[in-house]
Amino acid sequence: MRLKTIVGTVLCAMGVALWSGEATPPTLRLPASVRPLRGRLELTIVPSREAFTGTATYDLAVSEPTATLWINATGLKLQRVELAAGGASQTATVTPGNEDVVGLRFAAPVAPGPARLTLAWEGALDSTRSQGLYRVKEGDDWYAYTFFEPIDARRAFPCFDEPGFKIPWTLVLHVPQDQVGLANAPATEETAEPGGMKRIVFAESRPLPSYLVALVVGPFEVIPAGTAGHHGTPLRFVVPKGRGAETRYAAEATPRLVGLLEDFFGMPYPFGKLDVAVVPRYWGTMEHPGLVALGQPLTLIKPGEETPARKEFYSTIAVHELGHYWFGDVVTMAWWDDTWLNEGMTTWIDAKMMEAFEPSWRVPANRLQLIANAMAADALPSAKRVRQPVASKDNIENSFDNNLTYFKGNALMTMVERWLGPERFQGIVRAYVQRHQWGNATSEDWLQAVQEGAGAPARSVFETFIGQPGIPVLTGRCVQTPGGWSLELTQARFLAAGAESGTPAVWTLPVGIRTDRTAEPFYGVLTGKSGTFPLPGGQRPDWLLLNAGGSGYYRVAYGTAQLEALLRAPAAALTAPERFRLLDDAKAMGETGTLDLASTMRLASAAAQDPDRLIVAQSLALADRIPVGLLAPGDRKHLAAYVQATWGSRARALGWTPRSGEDVEARRLRALLVPHVASHGLDPRLSAEARALAGRWLKTRKGVDPDLVAPVLAVAARTSAQASGRPFFDRLVAQARATPDRQERARLMAGLGAFRTPALVNAALDLMLRDGFDIRESVLILDGALADPETRPLAWAWLQRHFDQVAPQFRSDDFCGLIGRLGGVLWDTVGRDAFEAFLRPRVQAFDGGPLALTRALESMEVHQARGRRDLEASTRFLRGKGRS
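Heads up, my numbering is the position in the sequence shown plus 9, with the first residue counted as 1.
Given below as structure tokens:
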């Protein structure tokens, strides 16, 4: 929770004269009449001390007479402000504006022309939320890091904290002599200073917005790792003491990842050096130029734990952050309404690079589930546009929407690339980056590049998808025309069941079409509500697929006969992504009530036996239509029997332990099915094995697949008898307190969130209130308790009692994520009005909180409507078919 009066309070306490004139502080954006051209920061940082000091010097261009200059600063004690212009210098009177800006009032208005602004201040290293300039203790040592995106640079230094103010920076650090100090650019000078300090001067950086300025200070190990890419870029890993050996895989993978990006963009790595700062948590991962931040949970892999899943986790996130060097750093969005140019495009490029890096991981295919999540979010009336106007701080936070910025943006890039062809689309991307390199860009700049490279229809596809919310749903039918058979397509906005009617919309849709009579897909570009397209050869097909390749960002509402024909097609006729999307569309139609529950469950049972893991995953998603939280206790037992009957034999055959020579898909199928059957199917054999494995791992840290430790501990906790539950609980708590390893602690927290005995559920939740557990780690306990219908009421009751203690510990983004998760699970536990009444006054203090609650309420309404509609049919199905 931010303290909105801190700047004014501090300045008054210092005795600074406050100007009471008519200047009105900006509420969001700084005036365009003063622009920075260059910045120099000089900071004194000792991580073991909370306070730090700094000075900043900005070369400015002033375009109109200015009596009050506004600058972003939050929680800083400004001590001295001077401005030199026109051969004269004057001191500013500092006037508070709001929590984000202070005013610098000059006795003589600053005339248009060049000027130089110098500020000195004192600030505090954040020790709680890891925002701005923050510090974290590892063992007995403190380490300092930065995380500024989107608007937290102002917590570290006064600045023009907008992405459009993109300038070169020079940093100077004063740090302890026995510690490491690093920044975006290479160090050019290091000299000893009195008091055990040293001064490090860094080269001037490339033009950067303030949110990309970065530094680290602390007793790090700096591990040389050769060079990255094709142009000899020096690569180093910067890790806490004693963790260097755990960077082995990262050091192996990173050079190749840089090379793949250089090849795609046709441009050398752009920042001279590549230091990988291994920050404490996954949150904190950030695309700082020259000093990329990658979290310990993904970068540090212990010897013996280099599983395919851990390798993919590191590589995918690393190439995402490094991809930002082109989409975000070299070319930066001009304002936060175009966040998708950074995040959507980079999510697209990371999947492309991973397919080239290791095809067996199937990253683009795995991404289909994330696109399905985006479609679900886009089906709500409150769905935001990809390019959403940002007129408040709330909207800045909301622009970083996983589903509708990252995954929908990725889906649009993928859809158009498949339609145009990869080489043509790569040419468009390269032209866009080259034209706007070292500057800023807008969606219009991207649309212009698309139009120049592929014409007006391609521009219109992007324009209609980023400029309006929602997702289209297609229907198609074969019609007889004078020239033979044709395909008639109709589009409408797809809305989730239970949602009110949304705004009518029309998209320009490149529809990929395949039939049993066409070896290759063909495209019809639908530009209106409906359109007719001739079928190749004029013949009527036996089956018709309206999302060839599975890459279209739209739903398809197949008729019963059309769906049955596709399901009867030979197994090799449709690719795995096409079958995934076919089943996902069927799932969506079931959620709207168009497809009856019995048909949905037949699809789930058939998909459960499929050899492809992606399709097995869809079988679980289809079966989730049953509203578990509304079932009577007896029917939950029937559901467990159905789970065992449908997936149990495969899960038991896989078991908890990998076999020698297994491929990646077998390991992933195990991780998908075995915990599910053990937990939801209450499989006694798998549960007993989990308890034995958990005891072994807690004793030796061996004997369990590293990717399965968390589910093993959770199943052991969930199925522990009441008598044995307390000793197991105490053992988990003791080890969670003792371990210095965050990855281990997260696994233990997952176990603590899985107990079902009320006393242990509440004891586990109470750990969130205790010193020694970071809320960002212990929240896993709450998530676990909320996930189980039996413990969900206990978790909600506990959260209501302690909400006002817990909530202030969250950053706004974490808080909004929690509100979204609550809306997704509590629909069967609490009424919509009671949920809103409790949370509405509590979300106002968090950026993005009101919209997060609106979406959560819509999600509740949709799930409640579906659950009520499907309960009777679910009960009939389980009582008739769910018994083993």
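C-beta atoms are modelled at their ideal positions from N, C-alpha and C, and glycine is treated no differently. A quick note: this is a predicted structure, and the numbers were derived from the prediction, not measured.
F824, enclosing alpha helix (DSSP H) - first and last residue: It spans 821-834 - the alpha helix (DSSP H) in which F824 sits, taken as one unbroken run.
Beta-carbon separation (whole angstroms), E943 vs Y415, contact threshold 8 Å: Given a span of 10 to 893 for the chain in the structure shown, any question on residue 943 remains unanswerable.
Exposed unless 16 or more other CB atoms sit within 10 angstroms - verdict on F812: Exposed.
L887 classed as buried or exposed, judged by whether at least 16 other C-beta atoms fall within 10 angstroms: Buried, because 16 or more other Cβ atoms sit within 10 Å of the Cβ of L887.
For A680 and L717, the rounded distance between their alpha carbons: Cα to Cα, the separation comes out at about 7 Å.
Short Cβ contact (8 Å threshold) for P34 with G112: For P34 and G112, yes; Cβs fall inside 8 Å.
DSSP three-state assignment for K207, whether helix, strand or coil: K207 falls in the strand class under three-state DSSP.
Pairwise C-alpha distance: H689 and A654: Near 12 Å, if we compare the C-alpha coordinates of H689 and A654.
C-beta atoms of L221 and L180 nearer than 8 Å: Against a cut-off of 8 Å, the Cβ pair of L180 and L221 comes out as no contact.
Every unbroken beta strand (DSSP E) within the segment 521-591, with a cutoff of 3 residues, ordered by chain: Complete beta strand (DSSP E) runs here, min 3: 531-535, 539-543.
For S658, the three-state DSSP class (helix, strand or coil): Note: S658 maps to helix in three-state DSSP.
Residue environment, H329, which counts as buried when at least 16 other CB atoms sit within 10 Å: By the 10 Å Cβ count, H329 comes out buried.
Close Cβ partners of E845 (< 8 Å) along its chain, the five nearest in sequence each way excluded: Close CB contacts of E845 within its chain, under the 8 Å cut and outside five residues either way in sequence, are with L862, L866 (chain order).
Span of the beta strand (DSSP E) around I232: Where I232 is concerned, the enclosing beta strand (DSSP E) stretches over 230-237.
Counted within 10 angstroms of its Cβ, other Cβ atoms place G293 as buried (16 or more) or exposed: Under the 10 Å beta carbon count, G293 is surrounded by 16 or more other beta carbons and is classified as buried.
Own chain, CB closer than 6 Å to R427, minus 5 neighbours either side, in chain order: Counting only residues of its own chain and dropping the five nearest sequence neighbours on each side, R427 has a CB closer than 6 Å to the CB of G558, S560.
Stretch-stretch touch, CB-based, cutoff 8 Å, three pairs: the segment 113-131 with the segment 139-155: With the cut-off at 8 Å, the segment 113-131 and the segment 139-155 do not touch.
I480, DSSP secondary structure in three states: Strand.
Closest Cα partner of V287 within the set R125, G858, V226: When R125, G858, V226 are compared, the shortest CA-CA separation from V287 is found for V226.
Rounded distance between the beta-carbons of A374 and L623, thought under 8 Å: About 6 Å; that satisfies the 8 Å criterion.
For P216 and I160, believed in contact at Cβ under 8 Å, the rounded distance: A Cβ-Cβ distance of about 19 Å is found for the pair I160 and P216, leaving them out of contact under the 8 Å criterion.
For G190, the residue or residues it bridges with in DSSP: Residue pairing by DSSP places G190 opposite V226 in a beta bridge.
Delimiting residues of the beta strand (DSSP E) encompassing A93: Element bounds for A93: 86-94.
Minimum C-alpha distance to G657 - residue among R645, P667, R634, L691: For the set R645, P667, R634, L691, the Cα lying nearest the Cα of G657 is the one of L691.
Of the residues P550, A65, R371, the one placed nearest E131, counting alpha carbons only: For the set P550, A65, R371, the Cα lying nearest the Cα of E131 is the one of A65.
Alpha-carbon spacing of D822 relative to R751, whole angstroms: Taking the straight line from one Cα to the other gives about 21 Å.
Euclidean distance between Cα positions of G251 and E230: Taking the straight line joining both Cα atoms gives about 8 Å.
8 Å Cβ cutoff met for L553 and G492: No, the Cβ-Cβ distance between L553 and G492 is not below 8 Å.
Whole-number beta carbon distance between F366 and S324, since they are thought to touch under 8 Å: S324 to F366, Cβ: 6 Å. Contact.
Inter-stretch contact (C-beta, 8 Å, three-pair minimum) for the segment 194-214 and the segment 232-240: Between the segment 194-214 and the segment 232-240, the count of C-beta pairs closer than 8 Å stays below three; the two stretches do not touch.
Neighbourhood of G148 by C-beta distance below 7 Å, restricted to the same chain and skipping five residues each side: Here the set comprises P749.
Proximal residues to T800 (C-beta, below 7 Å), its chain only, five neighbours per side dropped: Within its own chain, the residues whose Cβ lies closer than 7 Å to the Cβ of T800, once the five positions on either side in sequence are excluded, are R765, V770, A794, listed in chain order.
Start-to-end residues for the beta strand (DSSP E) that takes in G122: Note, G122: beta strand (DSSP E), 122-133.
Three or more C-beta pairs below 8 Å linking the segment 631-638 and the segment 593-603: The segment 631-638 is in contact with the segment 593-603.
Nearest-angstrom beta carbon gap, W805 and V839 [assumed within contact, 8 Å]: Right, their Cβ atoms sit about 6 Å apart.
Contacting residues, own chain, Cβ-Cβ under 7 Å from G568 (five flanking each side not counted): Cβ-Cβ distances below 7 Å link G568 to nothing in the same chain once the five nearest sequence neighbours on each side are left out.
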